[in-house]
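Q:
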Amino acid sequence: MKIGVVTFPGSLDDHDALRAVRLTGGDPVSLWHANDDLSGVDAVILPGGFSYGDYLRCGAIARFSPVMEEVVRKANQGMPLLGICNGFQVLCEARLLPGALIRNETRLFTSVSTPLRVESSSTAWTGEFTVGQEIQIQLKNGEGNYQADPETVARLEGEGRVVFRYLDNPNGSINDIAGITNERGNVVGLMPHPEHNVDEKITSDLDGRGFFASVAAFLNS
Amino acid sequence: MALVVVNVMPKPEILDPQGKAVTGALTRMGHQGFSVRQGRRFEIQVEGEVTKARLEEIREFAESLLANTVIEDFEVVS
Numbered sequence: 001m002k003i004g005v006v007t008f009p010g011s012l013d014d015h016d017a018l019r020a021v022r023l024t025g026g027d028p029v030s031l032w033h034a035n036d037d038l039s040g041v042d043a044v045i046l047p048g049g050f051s052y053g054d055y056l057r058c059g060a061i062a063r064f065s066p067v068m069e070e071v072v073r074k075a076n077q078g079m080p081l082l083g084i085c086n087g088f089q090v091l092c093e094a095r096l097l098p099g100a101l102i103r104n105e106t107r108l109f110t111s112v113s114t115p116l117r118v119e120s121s122s123t124a125w126t127g128e129f130t131v132g133q134e135i136q137i138q139l140k141n142g143e144g145n146y147q148a149d150p151e152t153v154a155r156l157e158g159e160g161r162v163v164f165r166y167l168d169n170p171n172g173s174i175n176d177i178a179g180i181t182n183e184r185g186n187v188v189g190l191m192p193h194p195e196h197n198v199d200e201k202i203t204s205d206l207d208g209r210g211f212f213a214s215v216a217a218f219l220n221s
Numbered sequence: 222m223a224l225v226v227v228n229v230m231p232k233p234e235i236l237d238p239q240g241k242a243v244t245g246a247l248t249r250m251g252h253q254g255f256s257v258r259q260g261r262r263f264e265i266q267v268e269g270e271v272t273k274a275r276l277e278e279i280r281e282f283a284e285s286l287l288a289n290t291v292i293e294d295f296e297v298v299s
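Chain order of the listed sequences is A and B.
If you count the first sequence from 1, position 103 lands on 103 in the numbering used here, and the numbers rise without skipping.
If you count the second sequence from 1, position 22 lands on 243 in the numbering used here, and the numbers rise without skipping.
1) Determine the closest residue to V163 (chain A) out of A:S122, A:I202, A:G4 and A:A154, with distance taken between C-alpha atoms.
2) Taking only three categories from DSSP, how would you classify A146 (chain A)?
3) For A34 (chain A), which option in A:S111, A:N171, A:P80 and A:V6 has the closest C-alpha, if you only look at C-alpha atoms?
4) Along the chain, which unbroken stretches of the alpha helix (DSSP H) at least 4 residues long are found entirely within the region 37-102 of chain A?
5) Excluding sequence positions up to five away, which residues of its chain have a Cβ less than 7 angstroms from the Cβ of F8 (chain A)?
6) From A:S173, A:V44 and A:L219, pick the residue whose C-alpha is nearest to that of E70 (chain A); which is it?
7) Can you find a C-beta in chain A that's less than 9 angstroms from the C-beta of V226 (chain B)?
8) Please list, in chain order, the chain A residues whose beta carbon lies closer than 9 angstroms to that of A283 (chain B).
9) Can you tell me whether K201 (chain A) is helix, strand or coil according to DSSP?
10) Within a Cβ cutoff of 6 angstroms, which residues of the same chain sit near P98 (chain A), ignoring the five residues on either side of it in sequence?
11) Going along chain B, which residues have a C-beta under 7 angstroms from Q147 (chain A)?
12) Assuming F263 (chain B) contacts V227 (chain B) (C-beta within less than 8 angstroms), just tell me the rounded distance between them.
13) Starting from E264 (chain B), follow the beta strand (DSSP E) in both directions and report where the run begins and ends.
14) When you compare the region 190-201 of chain A with the region 231-250 of chain B, are there three or more beta-carbon pairs, one atom per stretch, that lie closer than 8 angstroms?
15) Does DSSP put G179 (chain A) in a helix, in a strand, or in coil?
16) Which residues mark the beginning and the end of the beta strand (DSSP E) in which E233 (chain A) is found?
17) Taking C-beta to C-beta, are N212 (chain A) and G25 (chain A) nearer than 9 angstroms?
18) Taking only three categories from DSSP, how would you classify A20 (chain A)?
19) Under DSSP, the beta strand (DSSP E) around K2 (chain A) begins and ends at which residues?
20) Answer with yes or no whether the minimum CB distance from Q239 (chain B) to chain A is below 9 angstroms.
21) Can you check DSSP and say which residues form a bridge with N228 (chain B)?
22) Please classify I135 (chain A) as buried or exposed, where buried requires at least 16 other C-beta atoms within 10 Å of its C-beta.
23) Report the three-state DSSP secondary structure of A223 (chain B) (helix, strand or coil).
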């Protein structure tokens, strides 16, 4: 199972994501933003950090990078794609997911281990969780405030496409939304960082492993 | 060279934390009764004549790149 992680200029957590893939039994593949070749990977992670200075808006310029054309094409064919933090922002800018991330309501950069409730196990990245399960994942962002117009929010809620909800909404996201998926369930974006919750040497909260176990099970099925 | 300006503003219903911070600073400076919203201004130098087609092109990239119409409104001023 080859999982690619894209490095944009300014990505911070690409190596953490690659390491998380390796620690959970996958075969990590480093992908470069300026290259439109995905090296035959089975799934792609857009990591956290920043991209292209996040000029204009977070993720706005990364969306037009050469690698994204291929990522979008493959995602539309069903390839599992996970956007974490800045990666989630890129997915929204690329219109693979609806809505947008704006500055936190508190106007503060927030770094905290945050409790989430799993709202959907019908995605490529959450099949190994159970609906209603509470997990603990590291969150760190300045622009993690998820917003969408009322019709979009109603559609996401109605179609079961809210994947994670904050129990203690740290950034002002509408309906406490922490992560969402596309109609097909192969593309998931969330602000918290599951790649920081896989290594017992670093944390006792290891719920991030579920994401990698889920995509492995999805790809094997 | 002709100048075309694109103004981008957060939609009225979208929280504007930057504008809120500026409003807060004004209040602390003693300026009462002001409410600020913060946006962006792009100055675009256009080679040659600003034709209808060029303006339409600017409108297109304003919508796809300069603004995120999920959260922002834009106007093209020529």
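Beta carbons are placed, not taken as given, at the ideal position from N, Cα and C, and that holds for glycine.
What you are looking at is a predicted structure, and each value in this text was computed from that prediction instead of being measured.
A: So, from the listed chains and residues:
1) As a first step, residue 163 (chain A) must be located in the first sequence, where it is residue number 163. Per the Cα distances, A:S122.
2) Reading the first sequence from its first residue, position 146 is the one you call residue 146 (chain A). Note on identity: in this sequence residue 146 (chain A) is Tyr, with Ala being the wrong assignment. Judged by DSSP in its simplified three-state form, Y146 (chain A) adopts strand.
3) In the first sequence, residue 34 (chain A) corresponds to position 34, counting from 1. A:V6 is the residue among A:S111, A:N171, A:P80 and A:V6 whose C-alpha sits nearest the C-alpha of A34 (chain A).
4) The region 37-102 of chain A contains these whole alpha helix (DSSP H) runs: 66-76 and 86-93.
5) For the purposes of this step, residue 8 (chain A) is taken as the residue at position 8 of the first sequence. These residues qualify, in order along the chain: H33, S51, Y52, A62 and S65.
6) Walking along the first sequence from the start, residue 70 (chain A) turns up at place 70. Nearest to E70 (chain A) by alpha-carbon distance, out of A:S173, A:V44 and A:L219, is A:V44.
7) In the second sequence, counting from the first residue as 1, residue 226 (chain B) sits at position 5. Interface criterion not met: the Cβ of V226 (chain B) is under 9 angstroms from no Cβ in chain A.
8) By one-based count along the second sequence, residue 283 (chain B) stands at place 62. Listed along the chain, the chain A residues whose CB falls inside 9 angstroms of the CB of A283 (chain B) amount to none; the nearest CB is some 12 angstroms away.
9) In the first sequence, residue 201 (chain A) corresponds to position 201, counting from 1. Shown here, K201 (chain A) sits in coil according to DSSP, grouped into three states, outside any helix or strand.
10) The sequence position of residue 98 (chain A) within the first sequence is 98, counting from 1. For P98 (chain A), where only same-chain residues beyond five positions count, the Cβ hits under 6 angstroms are A148 and T152.
11) Translated into the one-based positions of the first sequence, residue 147 (chain A) becomes position 147. Result: I235 and I292.
12) Residue mapping note: residue 263 (chain B) aligns to position 42 of the second sequence, counting from 1. Residue mapping note: residue 227 (chain B) aligns to position 6 of the second sequence, counting from 1. The C-beta distance from F263 (chain B) to V227 (chain B) rounds to 4 angstroms, short enough to fall under 8 angstroms.
13) Here the question's residue 264 (chain B) lines up with position 43 in the second sequence. Here the beta strand (DSSP E) through E264 (chain B) covers R261 to V267.
14) Because the criterion of three Cβ pairs below 8 angstroms is not met, the region 190-201 of chain A and the region 231-250 of chain B do not touch.
15) Locating residue 179 (chain A) in the first sequence gives position 179, where the first residue counts as 1. Strand at G179 (chain A).
16) Outside the modelled stretch of chain A, which goes from 1 to 221, sits residue 233 (chain A), for which no answer is possible.
17) In the first sequence, the residue the question calls residue 212 (chain A) occupies position 212. In the first sequence, the residue the question calls residue 25 (chain A) occupies position 25. It is worth fixing the name first, because residue 212 (chain A) is Phe in this sequence and not Asn. The answer is yes: Cβ separation under 9 angstroms.
18) Taking the first sequence and counting its residues from 1, one reaches residue 20 (chain A) at position 20. DSSP, reduced to helix, strand and coil, places A20 (chain A) within a helical segment of the structure shown.
19) Residue 2 (chain A) sits at position 2 when you count from the first residue of the first sequence. Looking at the DSSP string, the run of the beta strand (DSSP E) that includes K2 (chain A) is K2 to T7.
20) Stepping through the second sequence from its first residue, residue 239 (chain B) is reached at position 18. Chain A, which has a Cβ nearer than 9 angstroms to the Cβ of Q239 (chain B), makes this yes.
21) Residue mapping note: residue 228 (chain B) aligns to position 7 of the second sequence, counting from 1. N228 (chain B) is bridged to B:R262 and B:E296.
22) For this step, residue 135 (chain A) is matched to residue 135 along the first sequence. Label assigned to I135 (chain A): buried.
23) Looking up residue 223 (chain B) in the second sequence gives position 2. Strand at A223 (chain B).
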